[in-house]
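S.K.: Take a look at the following structure, please.
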Amino acid sequence: MQILLAIGSVIAAIVLIKIWTGAMNVKVIDNESLASVEARHPYLPKFGAIAVSVVIAGFLFTLSLKFGKNTSIASLWGSAALYRTIFVFLAICALGLFERGRWHGSKDRYEYFFAFVLGTIVTWILIAFKRSFFETGVQQDPFLMALGITCIVIGWRFLFGPWKASIKATVLGTFLFWVIYAILRFKTREELIATGLASIVAIIPVLVWSKLFLGYHKQRMSIVILAFFAGMLSTVPILFYSELTMRSIQLNFFIFKIVPINYGTSSTDFVSQSVFKSFSGTSSIVLTTLVTYLMVGVIEEISKYWVLRHSSKEFFRSVDDALQLAIVVAIGFAFAENLVNPTYFVGFVRDYLMTPESPEWGSFIGNVIGRSVLTNMVHIVSTGVLGYYFGLAFFASPLIRDQFAQGSTHPIISVIHRMLNIRSEWIYAKTQMALGLFFAIVLHGVFDFTVSLSEVLPGHPTTIGALLGSNQDSFLHNIAITLVPSVLYVVGGFWLLVTLFEWKEDRKDFGAVVETQTFVS
Numbered sequence: 001m002q003i004l005l006a007i008g009s010v011i012a013a014i015v016l017i018k019i020w021t022g023a024m025n026v027k028v029i030d031n032e033s034l035a036s037v038e039a040r041h042p043y044l045p046k047f048g049a050i051a052v053s054v055v056i057a058g059f060l061f062t063l064s065l066k067f068g069k070n071t072s073i074a075s076l077w078g079s080a081a082l083y084r085t086i087f088v089f090l091a092i093c094a095l096g097l098f099e100r101g102r103w104h105g106s107k108d109r110y111e112y113f114f115a116f117v118l119g120t121i122v123t124w125i126l127i128a129f130k131r132s133f134f135e136t137g138v139q140q141d142p143f144l145m146a147l148g149i150t151c152i153v154i155g156w157r158f159l160f161g162p163w164k165a166s167i168k169a170t171v172l173g174t175f176l177f178w179v180i181y182a183i184l185r186f187k188t189r190e191e192l193i194a195t196g197l198a199s200i201v202a203i204i205p206v207l208v209w210s211k212l213f214l215g216y217h218k219q220r221m222s223i224v225i226l227a228f229f230a231g232m233l234s235t236v237p238i239l240f241y242s243e244l245t246m247r248s249i250q251l252n253f254f255i256f257k258i259v260p261i262n263y264g265t266s267s268t269d270f271v272s273q274s275v276f277k278s279f280s281g282t283s284s285i286v287l288t289t290l291v292t293y294l295m296v297g298v299i300e301e302i303s304k305y306w307v308l309r310h311s312s313k314e315f316f317r318s319v320d321d322a323l324q325l326a327i328v329v330a331i332g333f334a335f336a337e338n339l340v341n342p343t344y345f346v347g348f349v350r351d352y353l354m355t356p357e358s359p360e361w362g363s364f365i366g367n368v369i370g371r372s373v374l375t376n377m378v379h380i381v382s383t384g385v386l387g388y389y390f391g392l393a394f395f396a397s398p399l400i401r402d403q404f405a406q407g408s409t410h411p412i413i414s415v416i417h418r419m420l421n422i423r424s425e426w427i428y429a430k431t432q433m434a435l436g437l438f439f440a441i442v443l444h445g446v447f448d449f450t451v452s453l454s455e456v457l458p459g460h461p462t463t464i465g466a467l468l469g470s471n472q473d474s475f476l477h478n479i480a481i482t483l484v485p486s487v488l489y490v491v492g493g494f495w496l497l498v499t500l501f502e503w504k505e506d507r508k509d510f511g512a513v514v515e516t517q518t519f520v521s
């Protein structure tokens with residue numbers, strides 16, 4: 001039976017590869033005749049690629065069966081698992097037949113149905129992997145976990161195909177629909193009511209912030225929805241990583257092993273074992289807190305950058321496009337974060353409206369406004385700055401060409417170009433991208449650190465006067481520590497983003513940047 005399962009898995013993998021590469025060609029190849037396409041057999045990768053994949057998968061499978069004992073794939077075998085496998089396999093085959101049939105009819109006739117079906121199947125596969133590996137004791141097998149995580153990562157990448165904006169938004173929206181359904185179906189009636197009310201409240205700041213920033217640059221609604229869905233999805237890798245750390249899961253890839261640890265532990269180890277080990281007491285605690293929040297900034301900003309890059313970059317026509325869509329991604333991230341974290345909007349509804357004998361509207365509105373204005377603006381500013389620099393990097397060639405034509409010089413870039421014979425455009429793009437990530441991470445981490453500073457300092461000072469040790473009659477005792485970053489990020493951040501939108505160079509339409517990509521050779 002295990003041999004049959006292995007053979008069936010290989011067949012299913014080949015069929016899935018066939019469907020996916022075919023879908024890539026459907027959307028990428030617009031002007032090539034059907035005969036020409038079929039003549040070069042675009043639906044399957046080279047035999048060597050398939051053979052290597054099968055050998056690696058078989059090797060992992062064999063090791064898992066040998067060393068995993070009751071926690072290996074063998075423990076998943078059973079009638080229920082067999083029926084689910086058959087169902088998924090038949091669904092994949094049906095999708096393959098459907099996709100092939102689309103060539104012989106109207107090209108766009110069923111594309112939204114195709115997007116929904118593809119999003120549904122990929123989502124079910126990802127959810128099945130997650131439950132199989134996290135809820136059956138399989139996490140004790142590091143080899144199988146490595147294989148499973150690799151499959152999940154590949155499936156995650158499948159969600160961001162090279163389709164037009166409306167199709168991408170449909171696929172991502174389908175994924176979000178099924179994930180939300182999978183979460184809510186186990187909730188109690190009270191939890192569903194709290195989640196529903198929290199969702200209604202959380203959508204209000206989304207509409208307000210979107211209205212403010214979408215007015216500076218005209219954008220197609222399908223692209224805006226796509227960026228918003230992508231922003232919501234950018235929380236998934238963070239939650240997934242937290243799941244790995246909480247369960248102490250190890251991933252063994254034969255030549256190396258990955259042991260995910262939480263931010264606090266890694267920050268403590270960094271401070272205590274690096275050049276900062278001479279720090280002690282309060283200074284060590286403060287430094288550890290700063291490093292922790294910077295690491296949070298690294299994870300969150302890179303996640304938002306990844307979804308922005310893979311969902312929206314082909315729709316960039318100007319730097320303003322990158323800036324605006326990055327802001328929409330940040331708004332989507334903040335919306336999902338406010339709902340996923342049980343201590344935020346859902347917690348506010350439960351603690352201030354449902355649990356007390358009479359609703360505490362003042363506390364509820366105060367906490368909601370704090371999250372909606374301050375915390376959302378932190379995400380908007382940090383990711384907006386990242387998007388601006390991403391736009392500069394994306395349009396590096398026309399930008400640096402225009403700057404050289406206007407007499408502007410980049411001495412450092414010119415020196416590196418002459419010394420290493422590297423194209424100036426490449427140097428400029430990588431420099432801008434590095435600056436964008438750096439500023440986004442620092443902006444994000446410094447804010448979180450500042451608002452948490454009073455919790456780690458002796459005496460827990462809450463005002464500027466208490467922090468500086470000023471006299472009791474000083475006006476500084478009337479200024480809360482959190483007020484300073486709040487004003488800087490809300491007022492200063494909004495002014496910064498508006499200035500970037502109004503910058504003449506950022507409005508210049510460069511058109512579509514053509515990138516040559518080979519999906520199947």
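In this note's numbering, the protein residues as written are 1 to 521. The C-beta atom is built at its ideal place from N, Cα and C for all residues, glycine as well.
Our contact map puts residue 461 next to residue 481 with C-beta atoms below 8 Å; I'd like the distance itself, whole angstroms only.
M.R.: Along the sequence shown, one-based indexing puts residue 461 at 461. Along the sequence shown, one-based indexing puts residue 481 at 481. That pair is a contact at about 7 Å.
S.K.: Apart from the five residues just before and just after residue 501, which ones in its own chain have a Cβ nearer than 7 Å to its Cβ?
M.R.: Counting from one through the sequence shown, the residue named residue 501 turns up at place 501. Result list for residue 501: 216, 217, 320 and 323, in chain order.
S.K.: Can you tell me whether DSSP reads residue 251 as helix, strand or coil?
M.R.: Residue numbering aside, residue 251 sits at position 251 when the sequence shown is read from its first letter. It is a strand residue.
S.K.: Rank 190, 249, 154 and 119 by C-alpha distance to the C-alpha of residue 141 and give the top, closest one.
M.R.: Residue 141 sits at position 141 when you count from the first residue of the sequence shown. Closest option to residue 141, Cα to Cα, is 249.
S.K.: Restricting to Cα atoms, I'd like to know which of 271, 423, 163 and 120 is closest to residue 181.
M.R.: Here residue 181 refers to the residue found at position 181 when the sequence shown is read from its first residue. The residue with the shortest Cα to Cα distance from residue 181 is 120.
S.K.: Are three or more beta carbon pairs between the segment 377-387 and the segment 303-314 nearer than 8 Å?
M.R.: The segment 377-387 vs the segment 303-314: in contact.
S.K.: Please go through the same chain and pick out, in chain order, the residues whose beta-carbon is closer than 6 Å to the beta-carbon of residue 290, but skip the five residues on each side of it.
M.R.: Stepping through the sequence shown from its first residue, residue 290 is reached at position 290. Excluding residues within five positions, the ones whose Cβ falls inside 6 Å are 449.
S.K.: Could you give the residue range of the alpha helix (DSSP H) that holds residue 371?
M.R.: What you label residue 371 is simply residue 371 of the sequence shown in a count that begins at 1. Here residue 371 belongs to no alpha helix (DSSP H), and DSSP marks it neither H nor E.
S.K.: If you count every other CB in all the chains shown that lies within 10 Å of the CB of residue 343, and 16 or more means buried, which is it?
M.R.: Residue mapping note: residue 343 aligns to position 343 of the sequence shown, counting from 1. Exposed, because fewer than 16 other Cβ atoms sit within 10 Å of the Cβ of residue 343.
S.K.: Residues in its own chain within less than 6 Å of residue 352 by CB, not counting five upstream and five downstream?
M.R.: Within the sequence shown, residue 352 is the residue found at index 352, counting from 1. Counting only Cβ-Cβ distances below 6 Å, and skipping sequence neighbours, we find 360, 363 and 364.
S.K.: Nearest to residue 565 by CA position, among 456, 336, 454 and 196, is which residue?
M.R.: Absent from the model: residue 565. The displayed extent of the chain is 1 to 521, so no value can be given.
S.K.: Can you confirm whether the segment 256-263 touches the segment 422-433 when touching is taken to mean that 3 or more C-beta pairs between the two stretches lie within less than 8 Å?
M.R.: Contact between the segment 422-433 and the segment 256-263 is absent, because fewer than three Cβ pairs lie under 8 Å.
S.K.: Grab me the residues of residue 112's own chain with a C-beta within less than 6 Å of its C-beta, minus the 5 sequence neighbours each way, in chain order.
M.R.: In the sequence shown, residue 112 corresponds to position 112, counting from 1. Around residue 112: 170.
S.K.: Which same chain residues, not among the five before or five after residue 452, have their C-beta less than 8 Å away from its C-beta?
M.R.: Within the sequence shown, residue 452 is the residue found at index 452, counting from 1. Closer than 8 Å at the Cβ level, and outside the excluded window around residue 452, lie 289 and 293.
S.K.: For the candidate residues 370, 366, 317 and 341, whose alpha-carbon lies nearest to that of residue 392?
M.R.: Position 392 of the sequence shown, counted from the start, is the residue given in the question as residue 392. Out of 370, 366, 317 and 341, 317 has the C-alpha closest to the C-alpha of residue 392.
S.K.: Between 375, 424 and 358, which lies nearest to residue 489 when the distance is taken from Cα to Cα?
M.R.: Looking up residue 489 in the sequence shown gives position 489. The candidate whose alpha carbon is nearest that of residue 489 is 375.
S.K.: Could you check whether residue 308 and residue 227 sit closer than 9 Å to each other, using their CB atoms as the reference points?
M.R.: Stepping through the sequence shown from its first residue, residue 227 is reached at position 227. Stepping through the sequence shown from its first residue, residue 308 is reached at position 308. In this structure, residue 308 lies closer than 9 Å to residue 227 by Cβ.
S.K.: Which of the three DSSP states, helix, strand or coil, is assigned to residue 211?
M.R.: As a working mapping, residue 211 is identified with position 211 in the sequence shown. The answer is helix: DSSP assigns residue 211 an H, G or I state.
S.K.: Taking the straight line between their C-alpha atoms, what separation do you get for residue 492 and residue 213?
M.R.: Position 492 of the sequence shown, counting from 1, holds the residue named residue 492. Position 213 of the sequence shown, counting from 1, holds the residue named residue 213. Taking the straight line joining both Cα atoms gives about 15 Å.
S.K.: Report the residue ranges of all alpha helix (DSSP H) runs contained in full by the segment 445-489; include only those spanning at least 4 residues, in chain order.
M.R.: Listed in chain order, they are 453-456, 464-468 and 483-487.
S.K.: Judging by CA-CA distance, which residue of 332, 367 and 269 is the nearest neighbour of residue 345?
M.R.: Numbered from 1 along the sequence shown, position 345 holds the residue referred to as residue 345. For residue 345, the nearest C-alpha among the options comes from 367.
S.K.: Could you tell me how far apart the beta carbons of residue 349 and residue 197 are, in whole angstroms, since I believe they sit closer than 8 Å?
M.R.: In the sequence shown, residue 349 corresponds to position 349, counting from 1. In the sequence shown, residue 197 corresponds to position 197, counting from 1. Right, the Cβ-Cβ distance comes to about 5 Å (below 8 Å), so this counts as a contact.
S.K.: So does the segment 466-482 actually touch the segment 402-414, counting three or more Cβ pairs closer than 8 Å?
M.R.: No, they do not touch.
S.K.: So, is residue 300 buried or exposed, given that buried needs 16 or more other C-beta atoms within 10 angstroms?
M.R.: Along the sequence shown, one-based indexing puts residue 300 at 300. Residue 300 comes out buried.
S.K.: With C-beta atoms as the reference, is residue 118 less than 9 Å away from residue 219?
M.R.: Taking the sequence shown and counting its residues from 1, the one referred to as residue 118 is at position 118. Taking the sequence shown and counting its residues from 1, the one referred to as residue 219 is at position 219. Not closer than 9 Å, so no.
S.K.: Using 9 Å as the threshold, is the C-beta distance between residue 417 and residue 408 below it?
M.R.: To locate residue 417, count along the sequence shown from 1; it is residue 417. To locate residue 408, count along the sequence shown from 1; it is residue 408. No; because the gap between Cβ atoms is not below 9 Å, this pair is not in contact.
S.K.: Can you tell me whether DSSP reads residue 526 as helix, strand or coil?
M.R.: Absent from the structure is residue 526, since the part of the chain shown begins at 1 and ends at 521.
S.K.: Please tell me whether residue 267 and residue 295 are closer than 9 Å, where the distance is taken between their beta carbons.
M.R.: If you number the sequence shown from 1, residue 267 lands on position 267. If you number the sequence shown from 1, residue 295 lands on position 295. Yes, the Cβ-Cβ distance between residue 267 and residue 295 is below 9 Å.
S.K.: Spatial neighbours of residue 129 within its chain, please: C-beta separation below 8 Å, excluding the five flanking residues on both sides.
M.R.: One-based indexing of the sequence shown puts residue 129 at position 129. Cβ neighbours of residue 129 beyond the five flanking positions: 148, 151, 152 and 155.
S.K.: Whose C-alpha, out of 229, 164 and 469, is nearest the C-alpha of residue 314?
M.R.: Locating residue 314 in the sequence shown gives position 314, counting from the first residue. When only C-alpha atoms are compared, the closest one is 164.
S.K.: Just to check my reading of the structure: residue 230 and residue 332 have Cβ atoms closer than 8 Å, yes? What is that Cβ distance to the nearest angstrom?
M.R.: Mapped onto the sequence shown, residue 230 falls at position 230. Mapped onto the sequence shown, residue 332 falls at position 332. Confirmed, Cβ separation roughly 7 Å.
S.K.: Whose C-beta lies closer than 8 Å to the C-beta of residue 253 among residues of the same chain, with five residues either side of it excluded?
M.R.: Sequence index remark: in the sequence shown, residue 253 carries index 253 (1-based). Cβ neighbours of residue 253 beyond the five flanking positions: 146.
S.K.: Cutting at 6 Å between CB atoms, please list the residues of its own chain near residue 378, excluding the five before and the five after it.
M.R.: Reading the sequence shown from its first residue, position 378 is the one you call residue 378. Counting only Cβ-Cβ distances below 6 Å, and skipping sequence neighbours, we find 447 and 489.
S.K.: From what residue to what residue does the alpha helix (DSSP H) around residue 168 run?
M.R.: For the purposes of this step, residue 168 is taken as residue 168 along the sequence shown, with counting starting at 1. Looking at the DSSP string, the run of the alpha helix (DSSP H) that includes residue 168 is 165-184.
S.K.: What residue from 256, 167, 467 and 495 has the CA that sits closest to residue 224's CA?
M.R.: Residue 224 sits at position 224 when you count from the first residue of the sequence shown. Comparing Cα positions, the closest option is 167.
S.K.: What did DSSP end up calling residue 258 once you bin it into helix, strand or coil?
M.R.: On the sequence shown, position 258 is the one that residue 258 refers to. Reduced to three states, the DSSP call for residue 258 is strand.
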